[in-house]
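The structure under discussion appears below in the form of structure tokens.
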Amino acid sequence: AQSVTQLGSHVSVSEGALVLLRCNYSSSVPPYLFWYVQYPNQGLQLLLKYTTGATLVKGINGFEAEFKKSETSFHLTKPSAHMSDAAEYFCAVSDWAAGNKLTFGGGTRVLVKP
Amino acid sequence: GAGVSQSPSNKVTEKGKDVELRCDPISGHTALYWYRQRLGQGLEFLIYFQGNSAPDKSGLPSDRFSAERTGESVSTLTIQRTQQEDSAVYLCASSSPRETLYEQYFGPGTRLTVT
């Protein structure tokens, strides 16, 4: 079975400050990992993904994440927050051995203060 | 091209009624997924289709829930005798292993409210 834990259901950052969203996973197979963003009243949009290869993954809107196998983590960062980053962020692991269904973390809602 | 579409966008129903939620995947996407997002919670997997067969129905919460898919096209999620705990946003996603590997494209969701 797979599981994902996101530390902190709410994060508040100042505009221009570092955004750090934490994600730890559990998987019985080498994980494929994803970060999705959900803006109010919208569906999910893929920010970035890790499947194989380079462990530092760059995504859209200046976000990046680093896969650390030893720590079973896939934390999401952005050096400088923008007001438009206010949204909910979901970390997910794919069960590629069973149809690629996604197991999601509980989500982290980001508030950006001016 | 067109993305994943879902209808209706909002549905209010009375407890005990049946509802049907529709998902139109991206053309050519062989895999289709249904997820549920209850208020204040993360997303839960419900069911997965490869073509028109459903190899994994493990996430369906009860026998009141069922889904079908016509070929590699539209899917319908049916909830019978709705209960208040069924209130949630139901999200559909599709993917094609031939394209962006393992990436799922999500629709805007159907917000279901059971009164």
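Listed in order, the protein sequences are those of chains A and Y.
Numbering of the first sequence is given in the numbering used here, commencing with residue 351 and proceeding in unit increments.
Numbering of the second sequence is given in the numbering used here, commencing with residue 6 and proceeding in unit increments.
Backbone N, C-alpha and C fix where the C-beta goes; we use that ideal spot for every residue, glycine too.
Predicted model only: the values in this text are computed from it and were never measured.
- Looking at the backbone, the Cα of residue 457 of chain A and that of residue 81 of chain Y are separated by about 27 Å.
- Within the region 57 to 81 of chain Y, contact with chain A at the beta-carbon level (separation under 9 Å) is assigned to 60, 61, 63, 64.
- Within the region 60 to 118 of chain Y, the complete beta strand (DSSP E) segments of 3 residues or longer fall at 70 to 74, 80 to 84, 93 to 100, listed in chain order.
- In this structure, the CA atom of residue 396 of chain A is about 32 Å from the CA atom of residue 85 of chain Y.
- Of all C-beta pairs linking the region 17 to 36 of chain Y to the region 415 to 425 of chain A, fewer than three are shorter than 8 Å, placing the two stretches out of contact.
- CA-CA distance, residue 43 of chain Y to residue 93 of chain Y, rounds to 4 Å.
- Per DSSP, residue 379 of chain A has no beta bridge partner at all.
- In this structure, residue 115 of chain Y and residue 46 of chain Y do not form a Cβ contact; the two beta carbons are roughly 17 Å apart against a cut-off of 8 Å.
- Residue 90 of chain Y is outside the set of residues whose beta carbon lies under 8 Å from a beta carbon in chain A.
- Close CB contacts of residue 8 of chain Y within its chain, under the 8 Å cut and outside five residues either way in sequence, are with 31, 110, 112 (chain order).
- Shown in chain order are the members of the region 396 to 425 of chain A whose Cβ falls below 9 Å from a Cβ of chain Y: 396, 399, 401.
- Under DSSP, the beta-bridge partners assigned to residue 24 of chain Y are Y:84.
- Against chain Y, the CB of residue 382 of chain A has a partner CB under 8 Å away; the residue lies at that interface.
- Minimum Cα-Cα distance from residue 375 of chain A among the listed residues A:406, A:464, A:357 corresponds to A:357.
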